[in-house]
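Asks: For the record, the sequence lines run as chains A and B. Residue numbering for the first sequence follows my numbering, starting at 2 and increasing by one per position. Residue numbering for the second sequence follows my numbering, starting at 559 and increasing by one per position. Glycine is no exception: its CB is placed at the ideal position from the N, C-alpha and C atoms. Computed from a predicted structure; not experimentally measured.
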Amino acid sequence: MIKRALVLLFLFALGTLFVELLLNYTPDTELNQTGRYYAEHSAQDIGTANITTAIIVTYRGLDTLGEVTVLFLTAAIVGVLLGRGNHKGKSLQRKLPPSGELLTTGSYLLVPLILLLGAYVFINGHLTPGGGFQGGAIIASAILLMLLTDPLRHFSHSLIAAVESISGLFFIGIGVLGIFYAGGFLDNRLLPLGELGALFSAGVIPIIYSFIGLKVGAEFSSMLVNLSETEDT
Amino acid sequence: MITIAMVTGFILILMGLYGALTNPNILRMIVSFTIANTGVNIVLVAVGYIQGRTAPILDEAVPVAEAAARIIDPTPQALVLTAIVIGLGVTTLMLTYAYKLYEMKGTLNIAKFSELKW
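#1: If you measure between the beta carbons of B:Leu666 and B:Asn595, is that distance less than 8 angstroms?
#2: Quick check on B:Phe671 - is its C-beta less than 8 angstroms from some C-beta in chain A?
#3: By Cβ distance, which residues of its chain are closer than 8 angstroms to B:Ala578, with the 5 residues on each side in sequence left out?
#4: Taking 8 angstroms as the CB-CB limit, is A:Phe134 close to chain B?
#5: Is B:Leu637 near the ligand HEM, with its Cβ less than 7 angstroms from a heavy atom?
#6: Should A:Leu148 be flagged as near chain B, meaning a C-beta pair shorter than 8 angstroms?
#7: Comparing C-alpha positions only, which one of A:Tyr182, A:Gly218, A:Asp29 sits nearest to A:Gly117?
#8: Does DSSP put A:Asn51 in a helix, in a strand, or in coil?
#9: At the 8 angstroms Cβ level, is A:Ala44 part of the contact set with chain B, yes or no?
#10: Taking buried to mean at least 16 other C-beta atoms within 10 Å of its own C-beta, is A:Gly90 buried or exposed?
#11: Count the other CB atoms within 10 Å of the CB of B:Lys610; is the residue buried (16 or more) or exposed (fewer)?
#12: Just reading off the alpha helix (DSSP H) that A:Met224 is part of, what are its end residues?
#13: According to the neighbour-count rule (16 or more other Cβ atoms, all chains shown, within 10 Å of its Cβ), is A:Glu31 buried or exposed?
#14: May I ask you to report which of helix, strand or coil DSSP gives B:Asn583?
#15: In the structure shown, what three-state DSSP assignment does A:Asn1 receive?
#16: Below 8 angstroms on the Cβ atoms is my guess for B:Ala636 versus A:Thr75; work out the distance and round it to an integer in Å.
#17: Is DSSP giving B:Asn595 helix, strand or coil here?
#18: Within this structure, are the beta carbons of A:Ser142 and A:Ile180 separated by less than 8 angstroms?
#19: Starting from B:Glu624, follow the alpha helix (DSSP H) in both directions and report where the run begins and ends.
#20: Three or more C-beta pairs under 8 angstroms: does that hold for the segment 600–619 of chain B against the segment 561–570 of chain B?
#21: Buried or exposed: where does A:Lys216 fall if 16 or more other Cβ atoms within 10 Å of its Cβ makes it buried?
#22: Since A:Ala138 and A:Phe221 should fall inside the 8 angstroms C-beta cutoff, what is the C-beta to C-beta distance between them, to a whole number of angstroms?
#23: Between B:Val638 and B:Asn599, how many whole angstroms is the CB-CB distance? I'm expecting something under 8 angstroms.
#24: Applying the criterion that 16 or more other CB atoms from any shown protein chain within 10 Å of the CB defines a buried residue, is A:His155 buried or exposed?
#25: Which residues in the same chain have their Cβ closer than 8 angstroms to the Cβ of A:Phe186, if we skip the five residues on either side of it in sequence?
#26: Taking the CB atoms as reference points, tell me whether A:Leu194 and A:Ser202 lie closer together than 8 angstroms.
#27: Identify each residue in the segment 565–579 of chain B for which the Cβ-Cβ distance to at least one residue of chain A is less than 8 angstroms, and report them in chain order.
#28: Anyone know if the C-beta pair for A:Thr79 and B:Leu651 falls short of 8 angstroms?
#29: State the CB to CB distance for the pair A:Ala55 and A:Thr49, rounded to an integer number of angstroms; the pair is presumed to be in contact (CB under 8 angstroms).
#30: Hey, how far is the Cα of A:Leu149 from the Cα of A:Gly174?
#31: By alpha-carbon positions, which one of A:Ile3, A:Lys4, A:Leu7, A:Ser229 ends up nearest to A:Ile146?
#32: Please confirm if A:Glu21 has its CB atom under 8 angstroms from at least one CB of chain B.
#33: Taking 8 angstroms as the threshold (C-beta atoms), are A:Ser168 and A:Phe134 in contact?
#34: Taking only beta-carbon atoms, is B:Ala636 less than 8 angstroms away from chain A?
#35: Pull up the distance between the alpha-carbon of B:Ala627 and that of A:Asn189, whole angstroms please.
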């Protein structure tokens with residue numbers, strides 16, 4: 002009882018803080034200095050139609066590398082924690098009811114389409130809303146659908162690991178090439194910027210974002226597969 | 559518009575924290591944390607919104623020359639993209655630890671985990 006009262010008190014204090022924040026908030030009517038810089042310069046300097054992509058992949062590319070590293074670490078920790086002592090012999094023996102006609106047929110129809118949409122989203126990340134992370138998540142959702150249809154389905158861990166490491170290597174390799182042949186680490190002007198709004202434009206951004214998409218898709222898939230291979234104890 | 563989004567975000571944060579603090583079940587706590595996480599993201603995106611402007615994507619509707627006067631702030635959006643991805647990583651880790659805890663004790667009731675209680 003006391004605990005609940007304390008919780009409510011804490012939430013009340015926090016809520017008062019939020020109300021205060023909300024009442025004193027005056028929305029911007031102009032872009033601030035950073036936003037203005039990005040709005041004015043990214044079209045000529047980076048050549049992306051989607052300014053958010055320019056920020057994520059090039060202006061703050063190092064942060065994105067860190068973000069990808071965090072995801073990689075998560076996938077690795079999940080693998081280490083769940084993979085231990087979970088061998089073929091004892092696990093994956095449970096009996097499951099069939100998953101049903103609708104789900105099975107639906108997944109045959111939807112999985113290729115979802116994969117295609119994921120690839121589209123990360124290849125067009127510099128032109129439309131979307132990008133590597135979103136595309137990767139969409140690809141992983143196809144894997145999730147396959148796992149829902151057949152929870153005992155075996156996915157090759159080594160294939161997922163290979164896709165992930167190769168795309169990670171290419172991502173960093175392109176970044177390092179930027180030091181030698183362009184303005185710095187992860188500079189996108191390795192390739193010509195091209196015409197604003199074309200698919201092959203913005204230098205190496207579509208390539209980097211595709212590798213990020215593959216890497217994120219592989220990481221999410223490995224998390225899903227690891228979690229689905231756990232057994233009830 | 560901004561007010562609606564911000565109020566929703568703040569309410570989601572409070573709801574999530576309430577759930578995380580009062581539910582004894584670890585899985586429900588994890589769900590509550592993701593709700594609070596969503597609330598924070600909504601508030602952050604709302605901060606970058608400017609009345610009457612459009613998404614930071616250049617096309618026929620938003621020519622390069624007028625970009626600074628026509629688009630909303632792209633920085634919070636980039637930040638929130640990062641936050642969503644990291645949030646997903648944190649959720650996965652929480653789920654993994656919840657599984658390991660269940661494996662150890664056979665229960666997900668937080669009251670049964672008293673090793674570090676003082």
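Replies: Answer, in terms of the structure:
#1: no
#2: no
#3: Met587, Ser590, Phe591, Ala594
#4: yes
#5: Ligands displayed in this structure: none; no statement on the ligand HEM is therefore possible.
#6: no
#7: At residue 117 of chain A the sequence reads Leu, which differs from the Gly that was named. A:Leu117 has its Cα closest to that of A:Gly218, out of A:Tyr182, A:Gly218, A:Asp29.
#8: strand
#9: yes
#10: Low local confidence applies: a pLDDT of 46 at A:Gly90 is under 50, so the model's placement there is unreliable, with the coordinate-based value given in what follows. It is exposed - the Cβ of A:Gly90 has fewer than 16 other Cβ atoms within 10 Å.
#11: Lys is not the amino acid found at residue 610 of chain B; the sequence shown has Gly there. The residue in question, B:Gly610, is exposed, as its Cβ has fewer than 16 Cβ neighbours within 10 Å.
#12: 206–229
#13: exposed
#14: strand
#15: With chain A running from 2 to 234 in the structure shown, residue 1 of chain A is simply not present.
#16: That belief does not hold up - the Cβ atoms of B:Ala636 and A:Thr75 are roughly 20 angstroms apart, past 8 angstroms.
#17: helix
#18: no
#19: Note, B:Glu624: premise wrong, no alpha helix (DSSP H); not H, not E.
#20: yes
#21: buried
#22: 6 angstroms
#23: 5 angstroms
#24: exposed
#25: Gly62, Leu63, Gly176, Val177, Gly179, Ile180
#26: yes
#27: Val565, Phe568, Ile571, Leu572, Leu575, Tyr576, Leu579
#28: The question names Thr, yet the displayed sequence has Val at residue 79 of chain A. Yes; because the gap between Cβ atoms is below 8 angstroms, this pair is in contact.
#29: 4 angstroms
#30: 36 angstroms
#31: Per the sequence shown, residue 146 of chain A should be read as Leu rather than Ile. Comparing Cα-Cα distances from A:Leu146 to each of A:Ile3, A:Lys4, A:Leu7, A:Ser229, the minimum goes to A:Ser229.
#32: no
#33: no
#34: yes
#35: 26 angstroms
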